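Take a look at the structure set out below.
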């Protein structure tokens, strides 16, 4: 009976996705949706692969595959695909902002819609892990374990802070694209390179954090170029990809940059935190190669089965991204409670690689109920807001982004205090959402600030 219910549920999900797929307008660029799903799923697989905890002398230790097997650092040239997400964001934001302007709609209505779609799924994640930290601390779970678990599970929120700032600047960056074209992209590339020179040649501290803006805005500009048809010629896209690959090879080969496109514990330089010109070169390479494949992929996506699968995945993709490390933590806790089963295998060994399919299956099993419970927050229609004072919108955005960044950097769990929770970190996204006109405490804030 349970199997019959599960089969019916799967068919229902597929049927709903197929209905949506059939309703998609013919002019929709399906490859954009494919790349969005592909980039997030690649990040999920990469996270599940590089995190390699193991038991040594009876204690669980957090292994990192890239540090254990240096050759695996080259895999990040394929699995670090956040540039693709920002490329897709540039395409989508350019199209929607142009439509917004044609309809004489407001910036507040356009941006709050995007803000809600991205933040609404985050708030339940914050709430659940806050409760875990509170109750874990109350029942005497080691605070360091609580903090590490919460920080690991909430790592995915870091990129939302950057992406939201990039999206908020669309009116400026899109106007720059329309006026300057590719010069707006190359200007950002030059700015990112200058920041790296000041950082690594002249040792100016903290200036490299500016590249969170320059690098990701540059990739976002390529999304505008894509939407305006600049790379409709596959040969032009291929040349861009080859140029990015050559640039990346030269930068890594002769510069101070490591091979890995993500941070590795113990390394002096990270290509992603903050991003470097090496990561920007990777983004250029991935953009060129991805767009060179567009004609072939569009043909494949014209089939109803492939397109339905893309629609189905995109309907829950943010939920998958936000909760995939929670699923990982749940599986690790389960293995530990069962006496460390499977954790005694040395990361990177032959037995470890052979066990990956089993572990991945367990992660997926743990993730599925989380998707069923929390996907509705992603699928809810955003609240329409035509009039919103810009000071409230900007303040709300900054509070949200600061809260997300602090969560990824220091965790919501605290080793000090009675509650074991940094309540100010948890509160920031909720207060920011309320100021921007949505969220669970919006009604409360509205009484204070009409």
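Residue numbers (my numbering): 83 to 532.
Each residue gets a CB set at the ideal place from its N, CA and C atoms; glycine is no exception.
Quick caveat: nothing in here was measured; it's all calculated off a predicted structure.
Please return the same chain residues whose Cβ sits closer than 6 Å to the Cβ of residue i, not counting the five positions on each side in sequence.
| i | result |
| --- | --- |
| residue 298 | 168, 244, 248 |
| residue 161 | 124, 128 |
| residue 192 | 182 |
| residue 337 | none |
| residue 478 | 514, 517, 518 |
| residue 266 | 258, 259, 303 |
| residue 400 | 203, 460 |
| residue 465 | 520 |
What residues in its chain sit with their C-beta under 8 Å from that of residue i, if we drop five residues either side in the sequence?
| i | result |
| --- | --- |
| residue 251 | 299 |
| residue 345 | 352, 353, 354, 355 |
| residue 177 | 309 |
| residue 361 | 162, 165, 297, 343, 353, 354 |
| residue 347 | 146, 149 |
In angstroms with no decimal places, state the Cα-to-Cα distance between residue i and residue j.
| i | j | result |
| --- | --- | --- |
| residue 475 | residue 194 | 8 Å |
| residue 353 | residue 365 | 12 Å |
| residue 517 | residue 480 | 11 Å |
| residue 203 | residue 369 | 28 Å |
| residue 137 | residue 413 | 15 Å |
| residue 349 | residue 391 | 39 Å |
| residue 283 | residue 492 | 29 Å |
| residue 157 | residue 186 | 46 Å |
| residue 448 | residue 318 | 43 Å |
| residue 312 | residue 334 | 28 Å |
| residue 417 | residue 339 | 37 Å |
| residue 504 | residue 221 | 18 Å |
| residue 332 | residue 155 | 17 Å |
| residue 232 | residue 343 | 24 Å |
| residue 470 | residue 223 | 44 Å |
| residue 315 | residue 322 | 11 Å |
| residue 225 | residue 216 | 10 Å |
| residue 512 | residue 432 | 46 Å |
| residue 196 | residue 280 | 35 Å |
| residue 415 | residue 328 | 43 Å |
| residue 381 | residue 408 | 36 Å |
| residue 508 | residue 497 | 15 Å |
| residue 287 | residue 389 | 47 Å |
| residue 269 | residue 262 | 10 Å |
| residue 214 | residue 404 | 16 Å |
| residue 84 | residue 450 | Unreliable placement is indicated for residue 84, whose pLDDT of 47 sits below 50; the coordinate value is still reported in the next sentence. The alpha-carbon atoms of residue 84 and residue 450 are separated by roughly 16 Å. |
| residue 330 | residue 295 | 20 Å |
| residue 199 | residue 506 | 23 Å |
| residue 446 | residue 115 | 22 Å |
From the options, pick the residue whose C-alpha is nearest to that of residue i; which is it?
| i | options | result |
| --- | --- | --- |
| residue 488 | 452, 331, 322, 241 | 241 |
| residue 521 | 228, 206, 438 | 206 |
| residue 260 | 309, 155, 230 | 309 |
| residue 164 | 302, 276, 278 | 302 |
| residue 357 | 386, 273, 321 | 273 |
| residue 102 | 290, 444, 387 | 387 |
| residue 29 | 288, 227, 110 | In the structure as shown, the chain starts at 83 and stops at 532, and residue 29 therefore has no counterpart that could be examined. |
| residue 486 | 269, 201, 263 | 201 |
| residue 139 | 507, 444, 410, 427 | 427 |
| residue 227 | 107, 411, 404 | 411 |
| residue 326 | 107, 115, 159 | 159 |
| residue 324 | 372, 510, 184 | 372 |
| residue 104 | 385, 472, 341, 285 | 385 |
By Cβ distance below 7 Å, which residues in the same chain neighbour residue i in space, the five residues on each side in sequence not counted?
| i | result |
| --- | --- |
| residue 394 | 95, 96, 99 |
| residue 398 | 453, 457, 460 |
| residue 483 | 243, 246, 247 |
| residue 142 | 135, 418, 425 |
| residue 442 | 130 |
| residue 363 | 326, 329, 330, 333 |
I'd like to know whether the C-beta atoms of residue i and residue j end up nearer to each other than 8 Å.
| i | j | result |
| --- | --- | --- |
| residue 151 | residue 430 | yes |
| residue 117 | residue 170 | yes |
| residue 149 | residue 135 | no |
| residue 218 | residue 502 | yes |
| residue 126 | residue 406 | yes |
| residue 515 | residue 229 | no |
| residue 306 | residue 253 | no |
| residue 113 | residue 383 | yes |
| residue 271 | residue 292 | no |
| residue 275 | residue 166 | no |
| residue 119 | residue 290 | no |
| residue 210 | residue 402 | no |
| residue 256 | residue 153 | no |
| residue 462 | residue 239 | no |
Just checking, does the stretch 417-431 make contact with the stretch 367-382 on the three C-beta pairs under 8 Å criterion?
no
Across the stretch 434-441 and the stretch 369-385, are there enough close Cβ pairs to call them in contact, namely three or more that are closer than 8 Å?
no
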